[in-house]
Amino acid sequence: MMTTANDVSTKSNRKQGRWMSSRGVRRFVSHRLAITGLLMISAVALLCIVGPWLLPHGMLEINIIDRFKPPGTDDYVLGTDELGRDLAARLFMAGRVSLIVGVAAMILSTLIGTVIGLVAGYFGKVIGTVLMRFTDSVLCFPQIFLLLTLAAFLEPSALMITLIIAATSWMEIARIVSAEIRSLRERDFVTASRISGASHSWIMFRELLPNIVGPIIVAATLTVARAILTEAYVSFLGYGIQPPLPSWGNMLNNAQQYLDTAPWLALVPGVAITIAVTSFNFIGDGLRDALDARSDMP
Amino acid sequence: MLRFILHRFGHSLLLLFLVSILGFTILHLAPGGPLSQFALSPGMTQAELHKIAERMGLNRPLPVQWFDWFTGLVIGDWGHSFRDGRAVLDIIMGHLFATLLLVISSTILSVGLGTLVGVLGATRRYSAFDYLATVGAMIALSIPTFWFGLVAIYVFSLKLGWLPSGNMYSIGDESVLDYARHLIMPSCVLALVQVAIWSRYMRSSMLDVIDQDFVRTARAKGLARSRVLYAHILRNALIPMITLLGIQLPTLLSGALVTETVFTWPGIGRLFLDSLGYNDYPVIMGVLMFTAIFVLLGNLIADILVASVDPRVRLE
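Protein chains in written order, with the working numbering: chain A, 1 to 298; chain B, 299 to 614.
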């Protein structure tokens, strides 16, 4: 009887408390890195949203006479590229694209990973084994190779790239979720709701899911970081976001050939990617400490 | 032990089966599927395409086609390149050495450096060094590999002129020293992320072991601090790291692709990108399947190694 009572109380505790408790928030706030990350990414996002309106030049404005101006000349804050386009304007517009693609890919892959992990962990046995072996087999493919193959075979567009990134990055979350669910499945509160006639989907989504929101949020935050990086890799290699739509990755695509004469073309977008990704990694780390989630992600 | 190996082997075979189904699905995602190569050539009529499809056996049921493709994969018949007609497996083997050279040298580098940082961080927990290493690792994980490569080329090749900016050797000079000079930058660039990951895992693996009973016993026996650290803690903390080597293989190969591109390194990654540019589907699929099988084998070997070092694993 004791254990049942205990379990019921942990259940309600876990359900409303834990990941939203003031203790968690306090731990997050006291996490200096996480706050730094939050401030950095807010600043980056704000710049990307309002930045283009504050600049004198549009991102597609070509001024051949002004090509390869180093940062700080005339009214070009970050200089110009090989066509004389304002690098700052392009950077901010590219930031919008990269951040939106990163966040959208995260939402999608978190959805896929959560559903697969939930079903696999809850049903166990045959369905669970099949789903998790499938997950393992997708993990055998190095992500960039898989992404590039898909990107080369399918029509490349911003939407397609987002879908492809999501399709190749849900596996970690599926593993985390299924492991968590497997350890929760045998708890008394699950038995209780099964006895009271709850359906499988009710138990999965209303009883089990709220208990693992913490680990999912942590993994999702780290997935944004990874998705932004992945988009940068694929676009850098020429198979991601296609010009004239700028992204941080494709801005670096031909920066290599001007490395000697115009190093800022390579420097600026790279710094932007690093700042954005670092921010999400810091936030994810803080959330992990705050929500006390165990996760395999480094 | 034999039972463990057989079990693991069976698991890998199952994965290979699933991987081949995934690969086969991807192959059919190509515009026009395996026919796309012919659809692109000028003057091709629908009737002719139909004939080719029949000759290639594309009108047979999918499971039959898959079985053919899978047996080809197993017996090493991976098809021929559209570009020069050479056997796909031969082409891949021709590029394997460069990739292995890069991957192995950067692994040695990251294991060495990562272990050092991880051990120092764990033994000096919450010190300034530990904190710096933690933050440093998180930043290192956030730097795009290709961009780090570009910065390295700018500093060490273009500005300082110390190291070559690309290729595996200079034409006319293929001495070991020349290879080494070309290898330094790409392997360091590729190692950046690996050092970060390795040091984080090493730190937590050390911390897992440090509080265990046998360590307390060793200390209580009056063993020297360094002996406890090296003979007891480090040895046990390194065991799970063998598994990590296997797990990190996909990341390592992805990183190698990008590094090879930046440094015009003639490995599998470059081959893959070149083939993408030419729509050379047999080579694209070949490299994709090769990397997946490479990862699969790497993990199998890592698992067997761990079991041979640590008998506890075999009993699971």
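The C-beta atom is built at its ideal place from N, Cα and C for all residues, glycine as well.
Residue-chain proximity (residue i, chain B), Cβ-Cβ < 8 Å
| i | result |
| --- | --- |
| Y258 (chain A) | no |
| V268 (chain A) | no |
| R294 (chain A) | Interpretation of R294 (chain A) is limited by its pLDDT of 49, a score under 50 that renders its predicted location unreliable; no figure is taken from the coordinates. |
| Q242 (chain A) | no |
| T223 (chain A) | no |
| A323 (chain A) | The structure shown does not extend to residue 323 (chain A), since chain A spans only 1 to 298, so no value can be given for it. |
| L87 (chain A) | no |
| A167 (chain A) | no |
Nearest candidate by alpha-carbon position, reference residue i, set the options
| i | options | result |
| --- | --- | --- |
| F300 (chain A) | A:L245, A:Q242, A:G249 | Coverage of chain A is limited to positions 1 through 298, which leaves residue 300 (chain A) absent and any answer about it impossible. |
| S318 (chain B) | B:G419, B:W367, B:L527, B:A478 | B:W367 |
| L360 (chain B) | B:G392, B:L325, B:S403 | B:L325 |
| T278 (chain A) | A:I127, A:I144, A:M40 | A:M40 |
| A435 (chain B) | B:R422, B:T421, B:G416 | B:G416 |
| I176 (chain A) | A:M93, A:V126, A:D136 | A:D136 |
| V401 (chain B) | B:F307, B:R612, B:V593, B:L300 | B:V593 |
| I537 (chain B) | B:L569, B:R381, B:S502 | B:S502 |
| V493 (chain B) | B:G520, B:Q510, B:I437, B:S473 | B:I437 |
| H170 (chain A) | A:G113, A:P142, A:L146, A:T191 | Residue 170 (chain A) is actually Trp in this sequence, not His. Comparing Cα-Cα distances from W170 (chain A) to each of A:G113, A:P142, A:L146, A:T191, the minimum goes to A:G113. |
Rounded straight-line distance, which links the Cα of residue j to that of residue i
| i | j | result |
| --- | --- | --- |
| S9 (chain A) | G124 (chain A) | Note on S9 (chain A): pLDDT 40, under 50, position unreliable in the model; the coordinate value appears next. Approximately 26 Å between the Cα atoms of the pair. |
| V50 (chain A) | A89 (chain A) | 11 Å |
| D289 (chain A) | S193 (chain A) | 31 Å |
| L387 (chain B) | G584 (chain B) | 7 Å |
| G95 (chain A) | D86 (chain A) | 14 Å |
| A37 (chain A) | F280 (chain A) | The displayed chain sequence assigns Gly, not Ala, to residue 37 (chain A). Roughly 6 Å between the two C-alpha positions. |
| F635 (chain B) | T557 (chain B) | Since the first residue of chain B shown is 299 and the last is 614, residue 635 (chain B) is not available in this structure. |
| L159 (chain A) | T230 (chain A) | 15 Å |
| I107 (chain A) | E155 (chain A) | 22 Å |
| N254 (chain A) | S573 (chain B) | 20 Å |
| S408 (chain B) | I195 (chain A) | 53 Å |
| V449 (chain B) | A220 (chain A) | 30 Å |
| T549 (chain B) | L46 (chain A) | 32 Å |
| A232 (chain A) | E186 (chain A) | 42 Å |
| H305 (chain B) | I602 (chain B) | 10 Å |
| L394 (chain B) | L411 (chain B) | 25 Å |
| P269 (chain A) | I508 (chain B) | 43 Å |
| S295 (chain A) | I164 (chain A) | Only weak support is given to the placement of S295 (chain A): the predicted model assigns it a pLDDT of 42, under 50, and the question is left unresolved by the model. |
| V665 (chain B) | G596 (chain B) | Not covered by the structure: residue 665 (chain B). The range shown for chain B is 299 to 614. |
| P298 (chain A) | D285 (chain A) | Annotation note: pLDDT 39 at P298 (chain A) (below 50); position unreliable, coordinate value reported separately. In a straight line, the C-alpha of P298 (chain A) is about 9 Å away from that of D285 (chain A). |
| N577 (chain B) | F380 (chain B) | 8 Å |
| F315 (chain B) | R612 (chain B) | 24 Å |
| L598 (chain B) | V130 (chain A) | 19 Å |
| P484 (chain B) | G447 (chain B) | 7 Å |
| D81 (chain A) | R610 (chain B) | 60 Å |
Cβ-Cβ separation, residue j to residue i (assumed contact under 8 Å), whole Å
| i | j | result |
| --- | --- | --- |
| I451 (chain B) | S463 (chain B) | 5 Å |
| T405 (chain B) | A554 (chain B) | Their Cβ separation, rounded to whole angstroms, is 10 Å, which puts T405 (chain B) and A554 (chain B) out of contact at 8 Å. |
| G270 (chain B) | M587 (chain B) | Given a span of 299 to 614 for chain B in the structure shown, any question on residue 270 (chain B) remains unanswerable. |
| L291 (chain A) | I217 (chain A) | 7 Å |
| A600 (chain B) | T541 (chain B) | 6 Å |
Any C-beta of chain A under 8 Å from that of residue i
| i | result |
| --- | --- |
| M504 (chain B) | no |
| V372 (chain B) | no |
| A605 (chain B) | no |
| M436 (chain B) | yes |
| V433 (chain B) | yes |
| F561 (chain B) | no |
| S440 (chain B) | yes |
| Y424 (chain B) | no |
| I582 (chain B) | yes |
| F259 (chain B) | Past the edges of chain B, shown from 299 to 614, lies residue 259 (chain B), and the structure says nothing about it. |
Review point. Listed from N- to C-terminal order along the chain, which residues in the region 122 to 138 of chain A have their beta-carbon within a distance smaller than 7 Å of any beta-carbon of chain B?
Key: R133, F134, D136, S137, V138
Exercise for review: Could you list the residues in the region 478 to 496 of chain B with a C-beta less than 8 Å from some C-beta on chain A, going in chain order?
Suggested key: A494, I495
Check your understanding: Between the region 278 to 294 of chain A and chain B, which residues of the former have CB atoms less than 7 Å from a CB of the latter, in chain order?
Key -> T278, N281, F282, D285
Point to revise | Positions along the region 138 to 150 of chain A whose CB lies within less than 8 Å of some CB in chain B | key: V138, L139, C140, F141, P142, Q143, I144, F145, L146, L148, T149, L150
Exercise for review: Could you name the residues of the region 447 to 470 of chain B whose beta carbon sits closer than 8 Å to any beta carbon of chain A, in the order they occur along the chain?
Suggested key: L448, V449, I451, Y452, L456
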